[in-house]
Every structure is written in structure tokens, then in C-alpha cells.
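Here is the structure we will look at, set down as C-alpha cells.
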Amino acid sequence: MAGMLIYGLINSIIFALITIGFTLTFGISGIANFAHGAFYVAGAYISWHLLNSLGFPYPLAIAISVLVTGFFGAILYRFVLFRVRGVILSEVIATFGLGIGFLELFRCLGLTGYDYKLPKFVDGSLELLGVYVDYQRLIIIVLGAVLLLFLWFFTHHTKTGLAFRAIAQDEHTALNFGVESDRTAMLSLGMGGALAAIAAIAIMPLSLIAVEEGHHILILALAVGIVGGMESTMGVIVASLIFGLSQIIVATYLSPNYTMIVMLAAIILILLIRPSGLFGKFKELEERI
Amino acid sequence: MKDDSFLKITGLSKSFGGVEALSNVSFDLKQGESLGIIGPNGSGKTTLVNLITGFVKPDSGKVFFRGKEITGKRPYTIANLGIARTFQMAKAFHHLPAFKNIIIPLRSPRVKTFRGAQYGERDDIAIDLLEEVGFERDSAVPLKTAKSLPHGYLKRLELARCMALRADVIILDELFSGMSMSEVASTLPIIEKLKEEGKTVVMIEHRLRELFRVVNCLIVLNFGQKIAEGSPAEVMGSEAVKAAYLGSEE
Amino acid sequence: MAKIRREKKDSNGKYRKERLDRGIKARSDTIFALTSYREALYLVVPRAVTIIGLLILPLVLDIWWTKVMIMACVIAILALSWDFIASAGMLSLGQALFFGAGGYLAGVLNYYWGLSPLYTIPIATIAGATVCTLLFLPVLRLRGIYFAMVTFAMPLILVRIIEATRIWGGIEGLSALTPLPNLWVSAYLVIAAVFACLFGFRRLMDSDYGLVLRGMMDNDQAVMAGGINIYWYKAQTLFIGSAAGAFIGAFMTHYYRIVGTSAFSIDYSILPVACTVVGGPGNFAGAMFGAFILVPLCEYLRAIGSWRIVLYSFLMVIFVVAVPEGIFNYLERKYHQFEHWVKTG
Ligand SMILES: Nc1ncnc2c1ncn2[C@@H]1O[C@H](COP(=O)(O)OP(=O)(O)OP(=O)(O)O)[C@@H](O)[C@H]1O
Ligand SMILES: [Mg+2]
Numbered sequence: 004m005a006g007m008l009i010y011g012l013i014n015s016i017i018f019a020l021i022t023i024g025f026t027l028t029f030g031i032s033g034i035a036n037f038a039h040g041a042f043y044v045a046g047a048y049i050s051w052h053l054l055n056s057l058g059f060p061y062p063l064a065i066a067i068s069v070l071v072t073g074f075f076g077a078i079l080y081r082f083v084l085f086r087v088r089g090v091i092l093s094e095v096i097a098t099f100g101l102g103i104g105f106l107e108l109f110r111c112l113g114l115t116g117y118d119y120k121l122p123k124f125v126d127g128s129l130e131l132l133g134v135y136v137d138y139q140r141l142i143i144i145v146l147g148a149v150l151l152l153f154l155w156f157f158t159h160h161t162k163t164g165l166a167f168r169a170i171a172q173d174e175h176t177a178l179n180f181g182v183e184s185d186r187t188a189m190l191s192l193g194m195g196g197a198l199a200a201i202a203a204i205a206i207m208p209l210s211l212i213a214v215e216e217g218h219h220i221l222i223l224a225l226a227v228g229i230v231g232g233m234e235s236t237m238g239v240i241v242a243s244l245i246f247g248l249s250q251i252i253v254a255t256y257l258s259p260n261y262t263m264i265v266m267l268a269a270i271i272l273i274l275l276i277r278p279s280g281l282f283g284k285f286k287e288l289e290e291r292i
Numbered sequence: 093m094k095d096d097s098f099l100k101i102t103g104l105s106k107s108f109g110g111v112e113a114l115s116n117v118s119f120d121l122k123q124g125e126s127l128g129i130i131g132p133n134g135s136g137k138t139t140l141v142n143l144i145t146g147f148v149k150p151d152s153g154k155v156f157f158r159g160k161e162i163t164g165k166r167p168y169t170i171a172n173l174g175i176a177r178t179f180q181m182a183k184a185f186h187h188l189p190a191f192k193n194i195i196i197p198l199r200s201p202r203v204k205t206f207r208g209a210q211y212g213e214r215d216d217i218a219i220d221l222l223e224e225v226g227f228e229r230d231s232a233v234p235l236k237t238a239k240s241l242p243h244g245y246l247k248r249l250e251l252a253r254c255m256a257l258r259a260d261v262i263i264l265d266e267l268f269s270g271m272s273m274s275e276v277a278s279t280l281p282i283i284e285k286l287k288e289e290g291k292t293v294v295m296i297e298h299r300l301r302e303l304f305r306v307v308n309c310l311i312v313l314n315f316g317q318k319i320a321e322g323s324p325a326e327v328m329g330s331e332a333v334k335a336a337y338l339g340s341e342e
Numbered sequence: 002m003a004k005i006r007r008e009k010k011d012s013n014g015k016y017r018k019e020r021l022d023r024g025i026k027a028r029s030d031t032i033f034a035l036t037s038y039r040e041a042l043y044l045v046v047p048r049a050v051t052i053i054g055l056l057i058l059p060l061v062l063d064i065w066w067t068k069v070m071i072m073a074c075v076i077a078i079l080a081l082s083w084d085f086i087a088s089a090g091m092l093s094l095g096q097a098l099f100f101g102a103g104g105y106l107a108g109v110l111n112y113y114w115g116l117s118p119l120y121t122i123p124i125a126t127i128a129g130a131t132v133c134t135l136l137f138l139p140v141l142r143l144r145g146i147y148f149a150m151v152t153f154a155m156p157l158i159l160v161r162i163i164e165a166t167r168i169w170g171g172i173e174g175l176s177a178l179t180p181l182p183n184l185w186v187s188a189y190l191v192i193a194a195v196f197a198c199l200f201g202f203r204r205l206m207d208s209d210y211g212l213v214l215r216g217m218m219d220n221d222q223a224v225m226a227g228g229i230n231i232y233w234y235k236a237q238t239l240f241i242g243s244a245a246g247a248f249i250g251a252f253m254t255h256y257y258r259i260v261g262t263s264a265f266s267i268d269y270s271i272l273p274v275a276c277t278v279v280g281g282p283g284n285f286a287g288a289m290f291g292a293f294i295l296v297p298l299c300e301y302l303r304a305i306g307s308w309r310i311v312l313y314s315f316l317m318v319i320f321v322v323a324v325p326e327g328i329f330n331y332l333e334r335k336y337h338q339f340e341h342w343v344k345t346g
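Heads up: the protein sequence lines correspond to chains C, Y and H, in order. For this note's numbering, add 3 to where a residue sits in the first sequence, where the first one is 1. For this note's numbering, add 92 to where a residue sits in the second sequence, where the first one is 1. For this note's numbering, add 1 to where a residue sits in the third sequence, where the first one is 1.
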């Protein structure tokens with residue numbers, strides 16, 4: 004029972020970590036970044052190369068790959084999305100195409116097989132309420148909590164963060180008050196990319212770096228975002244808890260195979276009852292459709 | 093209910109986040125009457141229209157039409173019942189020729205029940221309607237794509253859509269804003285004619301002189317609240333209204 | 002509209018090049034005013050060339066290229082279906098769902114009940130479209146972006162479910178299904194289907210019904226204000242579009258004689274979008290044109306393996322950013338214009 008709870012919690016935090024970059028970008032710029040999965044894999048892939056091909060020390064490799072991935076995000080906005088801003092069709096196709104393009108590019112560059120594995124930060128494990136939890140998972144918990152706190156602090160107490168919130172709430176008014184929409188959107192994509200990389204580097208040591216992981220992560224982020232409500236951090240937390248816990252429960256009592264069914268059922272159910280998600284801005288959506 | 097009221101709203105309220113856009117507004121309108129709604133910017137006029145026509149769901153309050161409750165019904169259902177509206181920011185189908193814009197309401201279930209809206213005839217009906225609202229047929233204006241038309245035309249396109257629906261209640265949300273003086277002058281008779289045909293007209297307008305030529309009763313909104321109601325002369329004389337418009341310095 | 006282009010000088014004086022739209026389109030973008038036999042011919046020729054050309058293709062191509070052509074038709078139908086749904090303002094990133102639904106239904110009907118393709122294909126078309134429409138019903142109320150997200154996630158999740166529960170043959174899929182009589186039947190069946198979709202969708206969009214769909218893409222609030230139930234129209238659009246996808250999925254099941262989770266693979270989602278974007282969205286001819294460029298190109302580049310996915314993904318992005326009208330629309334515009342020199346001095 005305690006094991007289920009602890010592992011459910013870890014699972015939930017993993018979900019939240021995966022999603023947070025995606026929803027941050029969406030909440031601020033209104034851009035659904037379908038390249039999120041590619042950013043995720045890119046983060047891990049770059050740090051693997053820095054570590055193994057160039058022999059960088061691990062912390063430095065992590066820092067660089069997070070920065071580089073964030074930089075990619077900003078570039079994606081500046082050179083691609085900037086030109087098609089406002090045309091939803093083009094925004095989606097551009098991010099979708101780039102996401103798949105880069106993932107397949109990684110595959111062509113040799114990202115297959117069992118070599119690609121990031122080392123754990125610290126080896127070993129710890130007994131917690133009679134359950135063994137390895138340090139990596141503990142780090143994930145701490146990291147998740149710290150990131151959520153950081154985001155909260157960032158959006159409520161820094162100038163850039165406040166600009167983010169202003170844009171998210173009412174773009175026109177924000178523009179009138181001198182918030183630069185394009186710069187903010189670029190930053191939001193950059194941060195989304197960096198957050199994806201952080202999540203990847205924390206989570207990937209538990210499994211292999213693989214191209215499929217990119218698609219998988221994108222689905223999970225979409226699922227959490229849809230169920231929780233796209234623009235809301237609270238929604239991400241609650242939906243992650245729902246998915247994380249139910250996944251463990253289903254895996255324990257039924258079979259791990261059924262977790263995807265739970266996910267699909269949750270998506271459909273939520274869309275039927277509350278189309279904008281648990282914490283989404285229901286009214287807004289209804290008016291804008 | 094012995095109700096002879098035609099369009100009646102009771103206690104409508106709506107807030108967006110922290111902003112109370114409309115609070116506890118009621119009125120009662122008989123068939124063929126015409127109502128003007130005025131108020132400073134952001135006083136909730138458009139929100140009121142959205143609530144009546146189903147584009148926004150009210151937090152509380154009810155809307156009745158012909159004695160039946162229509163609160164929270166879908167916009168198209170309400171349009172088919174016979175309440176048509178224009179949008180303050182004209183919403184045309186930009187990629188379509190102007191007259192094709194009118195074909196869409198002509199396909200609605202409501203219009204299909206009238207005679208003369210069969211396929212093929214619709215083009216003619218649409219072009220006739222557009223001519224009525226001043227799209228010059230001779231210079232082929234109805235055939236131009238909507239995005240190539242000046243703003244004033246788009247506003248009149250909105251009016252033509254209401255006319256195409258043969259609605260009983262026509263709600264005009266700042267129809268005249270963005271129109272030139274001559275456009276206003278030529279559109280006003282159309283509205284007066286609609287009134288003569290027995291339509292109920294609800295008009296939101298900042299141009300008071302034109303407004304008073306159409307409406308025989310007036311509601312004033314301020315910060316989402318109804319602060320005055322009555323005949324135009326009464327209302328404009330009221331202190332509350334003066335204060336709302338001029339700022340309450342005294 | 003005349004546009005000044007280049008200038009030249011010779012002994013007789015100065016000239017400038019003027020580019021004109023042909024007179025046919027004078028009245029409006031959608032109304033043609035034919036005034037002569039030549040102009041009629043001018044409109045008919047491109048259409049006739051397409052139809053006759055495609056009908057002749059299986060006769061002149063060898064088996065390998067005929068198979069490539071069939072593949073191009075398959076992707077063309079998915080692209081046409083995508084373009085149709087998109088022309089009502091719905092953005093699908095999951096054409097694979099329609100494809101897979103049709104494919105699996107045909108496979109199941111054939112494998113477990115032994116129905117012949119004569120029955121499985123029509124049944125799978127209708128049933129597949131019904132299932133897809135029902136799945137998306139909850140999303141219809143939401144903005145385009147949500148629709149895109151759910152359509153993207155749906156086929157990928159279904160794959161996981163099939164893999165996990167091992168229904169319908171699990172990972173291996175259902176194999177040894179009834180084949181279609183021969184390659185000719187297959188080739189002409191898809192060609193007929195492409196024409197049916199191409200001309201059917203074009204005809205539909207030109208009718209008053211299509212007008213409502215185009216209106217929904219522009220502004221669905223205004224459509225609602227016009228008393229039209231947009232959700233009903235969207236559901237119908239989705240049904241028609243997914244029927245096309247399900248049909249071709251069912252066809253492929255019998256053509257390959259196997260159906261597996263690859264029917265839901267992301268290729269079937271992305272390639273149709275890439276084709277439409279490269280060819281030019283919005284008029285169906287572009288979608289088909291794109292398929293007939295990209296698919297043979299991909300087959301030709303088979304040697305470079307998975308690089309080709311990289312290629313068409315990036316191609317798609319380049320087109321959407323730099324050439325949003327697409328190749329077909331560009332060519333069409335040029336076709337409707339002609340240039341001549343006029344004397345200026
Ligand atoms: N969809 C919405 N989301 C959030 N706030 C809204 C929304 N619609 C209106 N509001 C707010 O409600 C208030 C009333 O707005 P409304 O548009 O009804 O005013 P109005 O009287 O029509 O003003 P105007 O004369 O400028 O048209 C405003 O403060 C506005 O910002
Ligand atoms: Mg207003």
C-alpha cells in the first residue's frame with residue numbers, strides 16, 4: 004500500500020515534469036508545441052553526446068544541453084512560428100513537422116539500440132516506509148517540487164513572469180501596457196524547451212533514450228494537458244496525480260497493459276463532461292470556441 | 093402565464109473572472125416595440141446581447157421569448173427561434189463573396205420553412221437583400237469577396253444576415269460605429285422600415301440622434317448595472333445618467 | 002489587374018512587360034464567364050489530362066511503378082480527406098485513425114467471419130466512419146487546437162491498447178486475409194476512389210452545403226448567428242472525411258492481405274498533411290498533386306531509408322512557412338495569367 008502510494012507519487016511527478024513545459028508554452032503564447040517530444044529527446048540526446056562523445060563532466064553537460072534546447076525553442080519561434088503566428092493550421096503543422104523531422108533525424112544519426120542511456124545522478128537507494136526507492140526517483144520528486152515552486156515564484160514575482168501572465172490573460176491589454184508579445188512568446192518557447200530538457204535528463208536515466216520516447220512523451224503531455232486544462236498549473240498537478248496514481252493502481256490490480264486504456268477513457272470522459280479540462284478556462288473556451 | 097411580453101429578461105448576471113460585466117439586469121419588451129441600450133464603454137452592453145443570444149451563458153437570471161424560457165440555449169437555436177443579432181466587430185466570411193455570406197443564414201432551418209428559399213433561388217434572394225442594404229448591384233459589389241469590402245459594408249452585411257433570417261427580434265450591436273455619415277443616413281431608413289414591418293428592434297448605439305429616431309424606450313447601463321429606464325427624454329434628463337456619462341464630480 | 006514586371010528597350014522604343022489575369026475570372030473568384038470555345042477548352046484541358054492520364058497510367062507502368070501509383074492514390078485519398086475536414090476548419094493530425102479504423106474493421110470482418118472484400122470494404126467504410134465520428138464528437142465543441150491534439154493522440158493510444166490487450170492479433174496483427182482479385186482491380190479501384198473524392202469534394206464545396214463549411218472555417222460564431230447548427234455540420238463533415246479514410250484503410254487491408262498496428266502509424270497521419278501542404282491546401286487538386294509528387298519521390302528515395310521522413314517533414318515545414326499557397330496553387334495562378342509586351346515610349 005505504501006509502495007503504491009510512493010510509486011504513484013513518483014509517477015505523478017514524472018507526468019507533471021513532462022507536461023509542465025508544454026503547458027507553460029501553451030498558456031502564454033497559445034501555441035501547442037507539437038515539437039515538445041522532440042525537445043525532450045533532444046535534451047537527453049545532446050547531454051549524452053556531451054558526456055560520451057566530448058567527455059564533458061556530467062553537471063556541465065546537463066547545463067549546456069538545457070540551455071541549448073531552450074535556445075532551440077527560442078529559435079523555433081523566431082524563425083518559424085513568428086512567420087505564421089496566428090494561423091493555427093500553420094502553427095500546428097510547423098511544430099508537428101519539425102518535431103517529427105528532428106526525431107527522425109536523431110534516428111538517422113544513429114539514435115537506436117541500447118547504448119544510449121544517461122547515467123543516474125547518484126546510485127543506490129533508500130528505504131522509505133518499507134519500500135526501496137532509488138535516489139534517482141527521489142531526485143525526481145525533489146526536482147519536480149522545486150520546479151513547480153520556481154515556476155510559481157517566477158510568474159508571480161518577476162517582471163518577465165508577470166508579463167507572461169499578462170499576455171496569457173489578455174493579449175491586447177498587455178500590448179497596450181507595453182508588454183512585447185513576440186519577445187514573450189519567444190521566451191515562453193525557450194523556457195518550454197529548457198523545461199523539456201530538464202525533465203528528460205531527470206527521467207531518462209530510468210530508461211533508454213529512444214526516438215519513440217518523443218512520441219510517447221507528447222501523448223502523455225497532451226493527455227495531462229487536456230484532462231487538467233491547458234493553461235493551468237493546478238490542472239497539470241491534479242491531472243498528473245490522477246494519471247500517476249491510477250496508472251499504478253491499474254498496473255497492480257489489473258495489468259500494466261491497461262494503463263493506456265485508462266488514459267483514453269479519462270480523456271474522453273473529461274472531454275464529454277468538461278471540454279476545457281478540470282481547471283481550464285471553460286467560459287473563455289466556450290466563447291472563443 | 094397571462095404574459096403578453098415578447099422578449100423578457102430577468103435578473104441577468106455575468107462575471108468574467110473578477111470583472112462583473114453585468115449584474116442583475118431585467119427588462120420586458122412587447123412585440124413591435126423598440127429598445128435602445130446605451131452606456132459608457134465596457135458597461136456590459138455587448139455582454140447583454142451575448143447572454144440573450146446564447147453566445148455566453150449567464151451566471152444567473154433568465155431569458156424568455158414568447159413566454160418560453162430560452163436561457164442557455166445554443167446560439168443557433170435562438171437564431172432559429174427568431175432572435176437575430178449583429179456583431180459589434182463585424183464577423184464576415186472573409187473568403188467568400190459578399191452574397192455567399194447571406195446564403196449561409198438562408199440555409200438555416202428557420203428560413204427553409206419559408207417559401208422561396210430553395211437552392212438556386214438563394215443567390216437571387218441574397219443579392220436582392222444586399223441591394224436592399226445598399227450594396228450596389230450595378231457595380232457588382234455583392235460579388236466582391238468580403239475581405240475586399242470596406243468596414244461600413246461589412247456592418248451592413250451583418251444587418252443583411254439578420255434580415256435574411258426573417259427574425260422577429262433584431263439586435264443591433266453598435267451597427268453604426270465605423271460607418272460614414274452617408275452610410276448611416278442610408279441605413280437608418282432600413283431599420284425604420286423593419287420596425288414598420290412589426291419587427292422588434294433592440295439597438296445599442298453611441299450615436300444618440302439616430303438612436304432616438306428609432307427607439308421609444310431606453311435603458312442605460314453603467315458598470316454592468318441598469319441605472320435608468322424609460323422614454324428617451326426622461327432618461328436623458330436623469331441625474332444618474334448625466335453622472336455616469338460626465339463622471340460624478342459633484 | 003495588370004502588374005508591371007520588366008522593361009526592355011529596342012530600336013522601336015521602350016516596352017514594359019505586363020501580366021494580366023485571363024478574362025475568364027473577371028466577375029468573381031468563383032464565377033466563370035465563358036465567352037468562347039477556346040476558353041472552354043482552356044478550362045477543360047487540365048482536367049481532361051488529369052483524368053485520362055491517371056486512367057492510362059496502370060497500362061503503361063511496370064508492376065513496381067503501378068504499386069507506387071496505388072500508394073500515391075492511397076495517400077492522395079487520405080490527403081483529400083484531410084483537406085476536406087480542414088476546409089470546415091477542423092485540423093486533423095490523425096488521419097491514421099480513420100485509416101486504421103477502416104483497416105482493422107475490414108480485417109476483423111474478413112478474419113473472424115470470413116466475409117469477402119465485396120462486403121468488408123463497404124461495411125468497414127461506414128462503420129469506421131461512424132466510430133471515428135463518435136470518438137471525436139466530444140471534441141467538436143472545442144477550438145481547432147484541441148481537435149488537433151486529440152486527433153494526434155487517438156491513433157497512438159489505440160495502438161498501445163491493441164498491443165496491450167492483444168486483441169485483433171496484437172502486435173502481429175491479422176494476416177492471410179482475402180486478397181483483391183488482381184493488381185488491375187486494385188489499381189482501378191483506387192483510381193476510381195481518388196476521382197470520386199476529388200470531384201465529389203470539389204462539387205460539395207462549391208454547393209451551398211460547402212459554403213456553410215467554408216463559413217465555419219472563417220468564423221463559426223457568425224455561422225451560428227445565421228441559425229446553423231455548426232456541430233451537426235462538423236459531425237457530417239467528419240463522417241464524410243473519415244469514410245474516405247476508412248475506405249482506403251479497408252482497401253489496404255485486402256491489398257496487403259494483412260492488417261497490424263502499423264495501420265495506425267504516424268506515417269499515415271503526417272504524409273497526407275505533408276502532401277496537402279506541399280501541393281496547396283484548400284482546393285483538393287493541390288492535395289492530390291502533392292501526393293503524386295511526394296509519394297513517388299519517397300519511393301524513389303527508398304534507398305535512403307528513414308531519411309525520407311526527415312525530408313518530407315522538413316519539406317512540409319518549409320512550405321507552410323515560405324510557400325503557404327503550395328505548388329499547385331502557384332502553378333494554377335500562373336496558368337490563369339499571361340504576359341505580353343506593351344509599348345511605353
Ligand atoms: N469574453 C470575455 N472575457 C473576459 N472579459 C470580458 C469578456 N467579454 C467582456 N468582458 C468584460 O466585460 C466588461 C463588459 O464588456 P462589454 O463588451 O459587454 O462592454 P460594452 O458595453 O459592449 O462596451 P463597448 O461600448 O466598448 O462595446 C468589460 O470589462 C470587458 O472587458
Ligand atoms: Mg460592446
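Glycine included, C-beta positions come from ideal geometry on N, C-alpha and C.
| request: Whole angstroms is fine: what's the gap from H/Ala27's alpha carbon to Y/Lys192's? | output: Reliability of the predicted coordinates at H/Ala27 is poor, the pLDDT of 44 falling under 50, and no value is obtained from them.
| If you follow the beta strand (DSSP E) that Y/Gly128 is part of, which residue opens it and which one closes it? | Where Y/Gly128 is concerned, the enclosing beta strand (DSSP E) starts and stops at Ser126 to Ile130.
| query | Taking the DSSP output, what are the residues bridged to C/Tyr135? | reply | When DSSP reads this structure, C/Tyr135 sits in a beta bridge with C/Glu130.
| So is H/Ile241 in contact with chain Y if we call contact Cβ pairs under 8 Å? | For H/Ile241, the answer is no, since every Cβ of chain Y falls outside 8 Å of its Cβ.
| Contact test: H/Glu40 Cβ vs ligand 2 heavy atom, cutoff 7 Å | H/Glu40: no, Cβ never under 7 Å from ligand 2.
| query | Which bits of chain H does C/Val83 rub up against, with CB to CB less than 7 Å? | reply | By Cβ distance, chain H contributes Val318 and Val322.
| Buried or exposed: C/Ala64, going by 16 or more other Cβ atoms within 10 Å of its Cβ? | Burial of C/Ala64 is indicated by the presence of at least 16 other C-beta atoms within 10 angstroms of its C-beta.
| said: For H/Phe315, would you say it is in contact with chain C, using Cβ-to-Cβ distances shorter than 8 Å as the test? | reply: At least one chain C Cβ lies under 8 Å of H/Phe315.
| Does any heavy atom of ligand 2 sit closer than 7 Å to the C-beta of Y/Lys183? | Not under cutoff, so the answer is no.
| Does the segment 190-197 of chain H touch the segment 75-82 of chain H, meaning 3 or more C-beta pairs lie closer than 8 Å? | The segment 75-82 of chain H vs the segment 190-197 of chain H: in contact.
| request: Report yes or no: do the segment 224-242 of chain C and the segment 115-127 of chain C share at least 3 C-beta pairs separated by less than 8 Å? | output: Proximity of the segment 224-242 of chain C to the segment 115-127 of chain C falls short of the contact definition, fewer than three beta-carbon pairs being nearer than 8 Å.
| Can you tell which of Y/Arg305, Y/Arg258 and Y/Leu257 has its C-alpha closest to the C-alpha of Y/Thr279? | Here the closest residue by C-alpha is Y/Arg305.
| message | Tell me the rounded alpha-carbon separation between C/Ser191 and C/Phe167. | response | The alpha-carbon atoms of C/Ser191 and C/Phe167 are separated by roughly 8 Å.
| Should H/Val224 go down as buried or exposed, given a rule of 16 or more other Cβ atoms within 10 Å for buried? | Under this definition H/Val224 is a buried residue.
| said: Any beta carbon from chain H within less than 8 Å of Y/Arg253's own beta carbon? | reply: The Cβ of Y/Arg253 sits closer than 8 Å to at least one Cβ of chain H.
| query | Taking 7 Å as the cut-off, does the CB of Y/Ser135 come closer than this to any heavy atom belonging to ligand 1? | reply | Distances between the C-beta of Y/Ser135 and the heavy atoms of ligand 1 include at least one below 7 Å.
| Chain-ordered chain H contacts of Y/Ile196 [CB-CB under 7 Å] | The contacting residues are Leu212, Val213, Gly216, Val224, Gly227 and Ile229.
| Beta-carbon neighbours of Y/His187, restricted to chain H and to distances below 7 Å | Taking a Cβ-Cβ cut-off of 7 Å, the neighbours of Y/His187 in chain H comprise Arg215 and Asp219, given in sequence order.
| field | Local conformation of Y/Met181 per DSSP, three classes | value | In the structure shown, Y/Met181 sits in coil (DSSP, three-state: anything other than H, G, I, E or B).
| query | ligand 2 heavy atoms versus the CB of Y/Asp265: any closer than 7 Å? | reply | Checking the Cβ of Y/Asp265 against ligand 2 gives yes.
| Since Y/Cys309 sits in a beta bridge, which residues does DSSP pair it with? | In the DSSP secondary-structure assignment, Y/Cys309 is bridged to Y/Leu127.
| Can you find a heavy atom of ligand 1 that lies under 7 Å from the Cβ of Y/Ala113? | Yes; taking the cut-off as 7 Å, the Cβ of Y/Ala113 has a heavy atom of ligand 1 nearer than that.
| task | Please name the residues in the segment 240-266 of chain Y whose beta-carbon is closer than 7 Å to at least one beta-carbon of chain H, in chain order. | result | Contact residues of the segment 240-266 of chain Y toward chain H are Arg253 and Leu257 (C-beta to C-beta distance below 7 Å).
| What residues in the segment 139-158 of chain H bring their beta carbon closer than 9 Å to a beta carbon of chain C? | Taking 9 Å as the upper bound on Cβ-Cβ separation, chain C lies near residues Pro139, Val140, Arg142, Leu143, Arg144, Gly145, Ile146, Tyr147, Ala149, Met150, Val151, Phe153, Ala154, Met155, Leu157 and Ile158 of the segment 139-158 of chain H.
| task | Name, in chain order, the residues that DSSP records as bridge partners for Y/Ser152. | result | Answer by DSSP bridge pairing, in chain order: Y/Ser105.
| Which residues DSSP lists as bridging Y/Gly322, in chain order | As a beta-bridge residue in DSSP terms, Y/Gly322 pairs with Y/Leu310.
| request: Give the secondary structure of H/Leu79 by DSSP, where H, G and I count as helix, E and B as strand, and everything else as coil. | output: In the structure shown, H/Leu79 sits in a helix (DSSP, three-state: H, G or I).
| query | If we call anything under 8 Å between Cβ atoms a contact, is H/Asn230 one with Y/Tyr168? | reply | Closer than 8 Å, so yes.
| field | Nearest-angstrom Cα separation, counted from C/Met266 out to C/Ala226 | value | Each residue's Cα considered, the two are about 7 Å apart.
| query | When you compare each of H/Ser12, H/Lys344 and H/Tyr336 to H/Glu40 by their alpha carbons, which one comes out closest? | reply | Of the listed residues, the one whose Cα sits closest to H/Glu40 is H/Tyr336.
| query | Going along the segment 135-168 of chain Y in order, which residues come within less than 9 Å of chain H, judged by CB to CB distance? | reply | Result list: Thr145, Gly146, Phe147, Arg166, Pro167 and Tyr168.
| request: Consider the C-beta atom of Y/Gln180 and the heavy atoms of ligand 1; say whether any pair is separated by less than 7 Å. | output: Yes, the beta carbon of Y/Gln180 sits closer than 7 Å to at least one heavy atom of ligand 1.
| Hey, would you say Y/Ser272 sits closer than 8 Å to Y/Gly244, going by beta carbons? | Cβ atoms of Y/Ser272 and Y/Gly244: closer than 8 Å.
| If you count every other CB in all the chains shown that lies within 10 Å of the CB of H/Phe153, and 16 or more means buried, which is it? | Burial call: buried.
| query | Under a three-way DSSP split, which group does C/Glu2 fall into? | reply | Residue 2 of chain C lies beyond the residue range present for chain C, which begins at 4 and ends at 292; the question has no answer from this structure.
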